[in-house]
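Beneath this line is the structure, given in structure tokens, with notes to follow.
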Amino acid sequence: MRRGRVAKGDHRAKANLQEVVTLRERGWEGLPLSLGFTTGQPHQTGAGQGDPASTPVATSLGLPNRDLEPQTSQAPSLDSLTVPETYTIPASPVTPVTHSPSTSIATLSDFTAADASDDESPIGPTFANTSDDEPLIDPTAVAPHESFYLDDGNVEVLCGNTLFRVHSTILSFHSPALRRMFAQTSLVTAESPNGCPRITSLDLATDFVTLLNIVYLPEYVTCPHANESFR
Amino acid sequence: MEDIKGALGSVVDNLSDQNYARSLEFYRFWIDIGQSYHQIPPNLVDDAIWQNRTTSSIVPIEGKLIHSTAHLILRLASDAESDHILSPHTSGLQNRLSTRTIREFFANNLRAVRSGSGSVEYFYAEVNLIAHWANLGYVEEAAIRHHVLQSLISHQTLYDHQADALIILFKLAGATFEAYADPSVVDRCFELLTSHSYKAPHYYQSDNVNYLRVRRELVQVRAPRAGCER
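Going down the list, the protein sequences come from chains A and B. What the first sequence shows, in the working numbering, is residues 1 to 231, in sequence order. What the second sequence shows, in the working numbering, is residues 232 to 461, in sequence order.
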């Protein structure tokens, strides 16, 4: 009887392990990411709490002590704050966020609408540097997108907390709306923390990734008759 | 007042997504009665939640590691702290509970390592709660960065409860721990996890009686039988 239970548990243990390994490989997709820590009421969780003289366990174990910014490997956003159960977790105590000083751009839906009409009229004031339209960004949580932070890109686009680096010419080639947006947005004066102008989008990172997949990866858009012979 | 405390505790014990709103109402109702006719002790709500933090949904021996209502416990603490009736008795509740959770987590881990027993049942509940607290920002950043994972991998190999704890933490809060903990620590966790093989079921026993019984059975199985020696 016990042997059976252990075997079952062993099977489940392997399944559990496989699950977390897969989760990690996928960049913890679907898992919430803490966007900050409560700082008003310090916890008393033992030694080392705010004590610079204390020795972190990482150091005592011979591991590097990296008191650096979080090494975020995925796009952290408020939308990702979901629990992999059946419940929406209550509002997180997020650290105070600041307005990004970078340039705002319109949403993808605006691009689409403009593309549909394809007129040459200037796109509305949503592209202007209006602080009212700027999303709230936690600057400490901004992380480059794992696929679309292209080293040779010439413009950065910030969607939520995910940073993209892309080619304005290629995006402009595919979309008159983006072309106008890049033309109108003052890339020269925009904030350039990484050596190229950064503009801030109000779109979700996932939506922007979809757009970039379509633009950069031809195979992303599959033809329904791709496997058919034309002979 | 003990009766009220017991009643509040049973609410925590029986929390579910379906009865959550009713449970919060129940809390509000009895605290209202308590403050009208009694002197409410300062830690009434804290203790009612804390002493009922475990759940029968955790069955480590079957690989069931996730606390089915941990998120509701946190939600209750959050709502209780912001509720206008409950707030006079719940100020700082989330901070206190998260602090208590992480303290007991460290202590129970050590007890389990030393004795192979201890409050393993509570340990699993605490790990689940820590994962949720971490996601919500209620675990000190230094604890995530320097203490939680490191305390589980401080030996050459993992104990079974430590392997389970790592799985729970990564399953529920992998993004947070990967983001704030040292990459080499996370790598070491996975290295140990993938090489870990579960040993004896006695780590899963929640009390010494079961632990001793299992040990006795193991000893009997391994003992050479009389008359078998050549």
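Beta carbons: idealized from backbone N, C-alpha and C, even for Gly.
If we define contact as Cβ-Cβ less than 8 Å, is serine 147/A a contact residue for chain B?
Chain B contact via Cβ: absent.
By Cβ distance, which residues of its chain are closer than 8 Å to tyrosine 251/B, with the 5 residues on each side in sequence left out?
Closer than 8 Å at Cβ, skipping near neighbours: Leu303, Arg306 and Leu307.
Classify threonine 388/B as buried or exposed, calling it buried when 16 or more other Cβ atoms lie within 10 Å of its own Cβ.
By the beta-carbon neighbour count (other beta carbons within 10 angstroms, threshold 16), threonine 388/B is exposed.
Per-residue contacts from glutamate 19/A into chain B (C-beta, under 7 Å)
Correct list: Lys402.
Neighbour flag for asparagine 16/A against chain B, beta carbons, 8 Å:
Chain B contact via Cβ: present.
Nearest-angstrom Cβ-Cβ length linking glycine 323/B and alanine 279/B, presumed shorter than 8 Å
At roughly 16 Å, the Cβ-Cβ gap does not stay under 8 Å, so glycine 323/B and alanine 279/B are not in contact.
To the nearest whole angstrom, what separates the beta carbons of valine 351/B and histidine 392/B, a pair I think is in contact under 8 Å?
Indeed, because the Cβ distance is near 6 Å, the residues count as touching under 8 Å.
When the cut-off is 8 Å and only beta carbons count, does phenylalanine 257/B lie next to chain A?
Taking 8 Å as the threshold, the shortest C-beta distance from phenylalanine 257/B to chain A does not fall below it.
Tell me the residue span of the alpha helix (DSSP H) that contains threonine 332/B.
For threonine 332/B, the enclosing alpha helix (DSSP H) covers residues 324 to 346.
Are the CB atoms of arginine 331/B and tryptophan 281/B within a distance shorter than 8 Å?
Annotated as proximal: tryptophan 281/B and arginine 331/B, with beta-carbon spacing under 8 Å.
Any Cβ of chain B within less than 8 Å of the Cβ of proline 144/A?
The Cβ of proline 144/A sits no closer than 8 Å to any Cβ of chain B.
Over the uninterrupted alpha helix (DSSP H) stretch that includes threonine 425/B, give me the two end residues.
Where threonine 425/B is concerned, the enclosing alpha helix (DSSP H) stretches over 414 to 426.
When the Cα atoms are used, what is the spatial distance from arginine 253/B to valine 243/B?
In a straight line, the C-alpha of arginine 253/B is about 12 Å away from that of valine 243/B.
Give me the residue from Tyr268/B, Ser382/B and Glu293/B with the minimum Cα distance to lysine 14/A.
Answer by Cα proximity: Glu293/B.
Chain B residues whose Cβ lies nearer than 8 Å to that of leucine 33/A
The answer, in chain order, is Asn366, Ala406, Thr407 and Ala410.
Using beta carbons (cut-off 8 Å, strictly below), is valine 440/B in contact with chain A?
Because valine 440/B sits at a pLDDT of 35, beneath the cut-off of 50, its placement in the model cannot be relied upon, and the following sentence gives the value as read from the coordinates. Taking Cβ atoms only, chain A never reaches closer than 8 Å to valine 440/B, which makes this a no.
Cβ of leucine 389/B within 8 Å of any chain A Cβ:
No, leucine 389/B lies away from the interface with chain A (no Cβ there is under 8 Å from its Cβ).
Within 8 Å of any Cβ in chain B, is that where the Cβ of leucine 23/A sits?
Using a Cβ-Cβ cut-off of 8 Å, leucine 23/A counts as an interface residue toward chain B, since at least one Cβ of chain B sits closer than that to its own.
Expressed to the nearest angstrom, what Euclidean distance is found between the alpha-carbon atoms of serine 168/A and alanine 177/A?
Roughly 12 Å separates the two Cα atoms.
Just the Cα atoms here: how many angstroms apart are leucine 63/A and serine 415/B?
Legend: pLDDT at leucine 63/A = 37, less than 50; position of this residue unreliable, no value from coordinates given.
Tyrosine 429/B, buried or exposed, once every other Cβ within 10 Å from all chains shown has been counted against 16:
By the neighbour-count rule (16 or more Cβ atoms within 10 Å), tyrosine 429/B is buried.
Chain A contact residues for threonine 286/B, given Cβ-Cβ distances below 8 Å:
For threonine 286/B, there are no neighbours in chain A by C-beta distance under 8 Å, as the nearest C-beta there is about 13 Å away.
Mark isoleucine 264/B as exposed unless 16 or more other C-beta atoms lie within 10 angstroms of its C-beta, in which case mark it buried.
Isoleucine 264/B is exposed by the Cβ-count criterion.
Span separating the alpha-carbon of serine 192/A from that of asparagine 154/A:
A straight-line Cα-Cα distance of about 10 Å links serine 192/A and asparagine 154/A.
Output the boundary residues of the alpha helix (DSSP H) element that contains threonine 300/B.
No alpha helix (DSSP H) holds threonine 300/B; DSSP gives it neither H nor E.
Quick check: what's the CA-CA separation for serine 34/A versus arginine 345/B?
Per the coordinates, the alpha-carbon of serine 34/A lies some 33 Å from the alpha-carbon of arginine 345/B.
Amino acids of chain B, ordered along the chain, whose beta-carbon sits closer than 7 Å to that of glycine 36/A:
In chain order, Gly368 make up the part of chain B whose C-beta sits under 7 Å from the C-beta of glycine 36/A.
Distance cutoff 8 Å, beta carbons only. Does arginine 12/A sit that close to anything in chain B?
With 8 Å as the cut-off, arginine 12/A counts as an interface residue toward chain B.
Distance check for threonine 210/A and threonine 200/A, CA to CA, integer angstroms please.
C-alpha separation (whole angstroms): 17 Å.
Terminal residues of the continuous alpha helix (DSSP H) containing histidine 363/B?
Where histidine 363/B is concerned, the enclosing alpha helix (DSSP H) stretches over 351 to 367.
Would you mind stating whether asparagine 339/B and tyrosine 353/B have Cβ atoms separated by less than 8 Å?
Yes, Cβ-Cβ distance for asparagine 339/B and tyrosine 353/B is below 8 Å.
Less than 8 Å separating the beta-carbons of alanine 356/B and threonine 285/B?
If you check the CB distance, alanine 356/B and threonine 285/B come in under 8 Å.
For a contact meaning CB atoms closer than 7 Å, what does leucine 324/B contact in chain A?
By Cβ distance, chain A contributes nothing, its closest Cβ being about 11 Å from leucine 324/B, past 7 Å.
Which residue comes first and which comes last in the alpha helix (DSSP H) that contains glutamate 146/A?
Not the alpha helix (DSSP H): glutamate 146/A falls in the beta strand (DSSP E), residues 143 to 149.
Where does threonine 285/B fall in DSSP's three states?
The answer is coil: DSSP assigns threonine 285/B none of H, G, I, E or B.
Quickly, what does DSSP pair isoleucine 398/B with across the bridge? List them, please.
Beta-bridge pairing links isoleucine 398/B to no other residue.
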